[in-house]
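Below is one structure, written out as structure tokens, with a few remarks after it.
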Amino acid sequence: MADKYDVILIGAGMSGLAAGIRLAQYDKRVLLLERHYLWGGLNSFYKRRGRIFDVGLHALTNFAPRGRRGVPLTKLLRQLRIRHEDLQLGEQRYSEIAFPSERLRFSNEFALFESEIARAFPTEVDGFRRLTSAIFEYDSFAPADPDVLARKVLSEYLREPLLIEMLMLPMCYYGSAIPGDIAWYQFAILFKSFYDEGFARPEGGIRPLLDILVKRYKSLGGELRMKSGVAEILRTGCGDSQRAAGVRLDSGEELLADQILSSAGFAPTMEMCGAEMARKVRPTDRGQLSFNETVIVTDKPPLTFGNYGAAITFFNDCETFAYSSPDPGVWGIDTRSGVICSPNNYAAKEPLKEGWMRFTALANAEHWEQLAAGPREEYESHKYAASQAFLDSAARFAPDPRPFEIDRDAFTPHTIRRFSGHPRGAVYGAPNKRLDGTTDLPGLFLMGTDQGLLGVVGAMLSGISMANRHSLQPTA
Amino acid sequence: MTRDEVTLAIKDIIETIAPDEELVGLNPDERLRDQIELDSMDFLDIVMELRKRYGVQVPEEDYKELASLTSCADYLGPKLEDVELKVGC
């Protein structure tokens, strides 16, 4: 076959696009494959009734002003040669962690969070300060102990159980694939990305950011093929000398490459390599945690109808926080805790005219898959009822947008799986991460969710660092 | 390229990969890392740009030769002797 690529990338999400830009920038012949008809993966968008809905974007964490040194956003922009001003980032007003007995506010100024901790937990000021310095000194991008869990470490610094729960809640919701806990290094990365860096929103949502990435990738000569799912990863050689040689698409077409970088997740990628490799997948290689989301569009902004100014509210309705795939229960979701966010509450050159509020709940993937396999109407009515139950719960922590509602859309773990390919709709992938990106098959590497970096900025850094390490380093 | 041109070539590459850094007034004998923000990802880019623009290969064991502008000129001078300077790519 004449067509041979240097690198084939599986999945045109944030990691695949970023890796593609890096490789095309250095004249690699690179092909980016995507099964869906739109790019973005877990951070895509869709149109309904004339409105554009973002799929995954709550906030761009890791906000840093232009030129701030040594932080992920600055590194990423340099590596991709994108100008800070092109992202058109608008900073959040503030966000909050809300429990029945206490609320902690934070913004892009770390001092606010520190003073909130001092106000609510005066006996923990010293412990929190020591915790913060431990986090800043910790090399979270090259963790020496990736298996250590955050709850254990937090309990070494803090004594107030409520403070520990309040610190765990947002970190779990924004990046843990582990029920009940989060890896310590992930906690450290997220902590910095929330409180020391901060939240922002690209003006116009995720779509303009994706446009920048796709345009840059193509202008460098990168090839992008949509509706091109990979059915199989082709191997050459046998036994120990086996290595990745290319892919066979769903259509049957075969494409050859020296290297393959996959963002499909470890388990699905192994399953593409045939039965022998698929046998190596363990239970910890499969994610369990997924979410339902409901987006409510209102005729006026939440600040106007409810004096709601938070970019994000992380809420939990009791003193302890349970982070796990809920029992199917009545609605297949956990109504006790969740995330409320409003894109209206970010600075913008052109403020959104309509109000938007997004509600995120832990959901039971099997429950929703079973419903989706049944009659459409039943699935839809169940989805609506689950949304209503969750909105009732969330109304205890933020104003209820329903009296002002003009449009609504909701998705479930089934929707996430269908469009992103992540099994069980597990948006944070498998508990077991593979930080070096290698697999047992030479020439095949992982990037994205199961490599270990999460969020919009994290996923792009994952693509960049895996492309650098495995495809660009002169010794590679 | 003359020795001065080699320095110019390096500065132009740094300007491409780190457009937000101030390059005027760099001390040629001091480590670049100590004067401006350059991490290992940026050094990889310097090496990749040298290959892309001038066809020069810098093996990993020689990365240390790129520490300062002077050491860059010492190391790259002979390799770039017959190559023409390209600025602003």
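One line per chain: the protein sequences are A and B, in this order.
With numbering that gives the first Met the number 0 applied, the first sequence corresponds to residues 0 to 475, in that order.
With numbering that gives the first Met the number 0 applied, the second sequence corresponds to residues 0 to 88, in that order.
Even glycine gets a Cβ: it sits at the ideal position worked out from N, Cα and C.
- For Cys171(A), the enclosing alpha helix (DSSP H) starts and ends at 160-172.
- Contact annotation, Phe52(A) with Val294(A): C-beta distance approximately 6 Å; criterion of less than 8 Å satisfied.
- In the structure shown, Lys3(A) falls within a strand segment according to DSSP collapsed to helix, strand and coil.
- Residues of chain A with a Cβ closer than 8 Å to the Cβ of Ala17(B) are, in chain order, Arg77.
- From the beta-carbon of Arg68(A), the residues of chain B found nearer than 7 Å are Glu36.
- For the pair Tyr172(A) and Ala384(A), the Cα-to-Cα distance works out to about 23 Å.
- The C-alpha of Ile96(A) is placed about 45 Å away from the C-alpha of Asp249(A).
- Beta-bridge pairing by DSSP links Lys46(A) to Ile51(A).
- Partner residues in the beta bridge of Asp408(A), as assigned by DSSP, are Val294(A).
- For Val338(A), the enclosing beta strand (DSSP E) starts and ends at 336-340.
- Below 8 Å, too few C-beta pairs join the stretch 270-286 of chain A and the stretch 341-350 of chain A to call them touching: fewer than three.
- When rounded, the separation of the alpha-carbon atoms in Ser106(A) and Leu219(A) is 37 Å.
- In the three-state scheme derived from DSSP, where H, G and I count as helix and E and B as strand, Arg32(B) is classed as helix.
- For Arg28(A), the closest C-alpha among the options Gly451(A), Leu255(A), Ser464(A) is that of Leu255(A).
- Residues are counted here when their Cβ sits less than 9 Å from a Cβ of chain A; for the stretch 67-86 of chain B the count is zero.
- The DSSP-derived three-state label of Glu90(A) is strand.
- Using a CB distance cut-off of 9 Å, Arg50(B) counts as an interface residue toward chain A.
- Looking from the CA of Val46(B), the closest CA among Glu4(B), Lys85(B), Ile12(B), Asp81(B) belongs to Ile12(B).
- In chain order, Asn467, Leu471, Gln472 make up the part of chain A whose C-beta sits under 8 Å from the C-beta of Leu43(B).
- Straight across, the Cα-Cα distance linking Ala176(A) with Pro27(B) is about 48 Å.
- The Cβ atoms of Asn291(A) and Pro412(A) lie closer than 9 Å to each other.
- Using beta-carbon distances, Thr437(A) does not count as an interface residue toward chain B, since no partner is under 9 Å.
- Of the other Cβ atoms in all chains shown, fewer than 16 fall within 10 Å of the Cβ of Phe135(A); this residue is therefore exposed.
- A Cβ of chain A is located within less than 9 Å of the beta carbon of Met40(B).
- Gly55(A) and Cys237(A) have their C-alpha atoms spaced approximately 41 Å apart.
- Annotation: Cβ neighbours of Met47(B) in chain A (cutoff 7 Å, chain order): Tyr25, Leu471.
- Taking a contact as a CB-CB distance under 8 Å, the pair Leu31(A) and Ala11(A) counts as one, their CB atoms being some 5 Å apart.
- Restricting attention to Ile205(A), Thr122(A), Phe190(A), Arg150(A), the CA atom closest to the CA of Gly39(A) is found in Ile205(A).
- Taking 9 Å as the cut-off, the Cβ atoms of Asp44(B) and Gln387(A) do not count as close.
- Proximity of the stretch 346-363 of chain A to the stretch 183-194 of chain A falls short of the contact definition, fewer than three beta-carbon pairs being nearer than 8 Å.
- The CB of Lys74(A) comes closer than 9 Å to the CB of Asp38, Met40, Asp41 in chain B, given here in chain order.
- For Ser262(A), no Cβ of chain B is located within less than 9 Å of the residue's own Cβ.
- The continuous stretches of alpha helix (DSSP H) do not include Val246(A), which lies in the beta strand (DSSP E) extending over residues 242-248.
- Contact between Leu75(A) and Leu460(A) holds, since their C-beta atoms are separated by about 6 Å, short of 8 Å.
- Counting only the Cα atoms, Phe109(A) lies some 52 Å from Ser240(A).
- Look at the beta carbons and you see the stretch 299-309 of chain A not touching the stretch 273-281 of chain A: under three pairs across the two are nearer than 8 Å.
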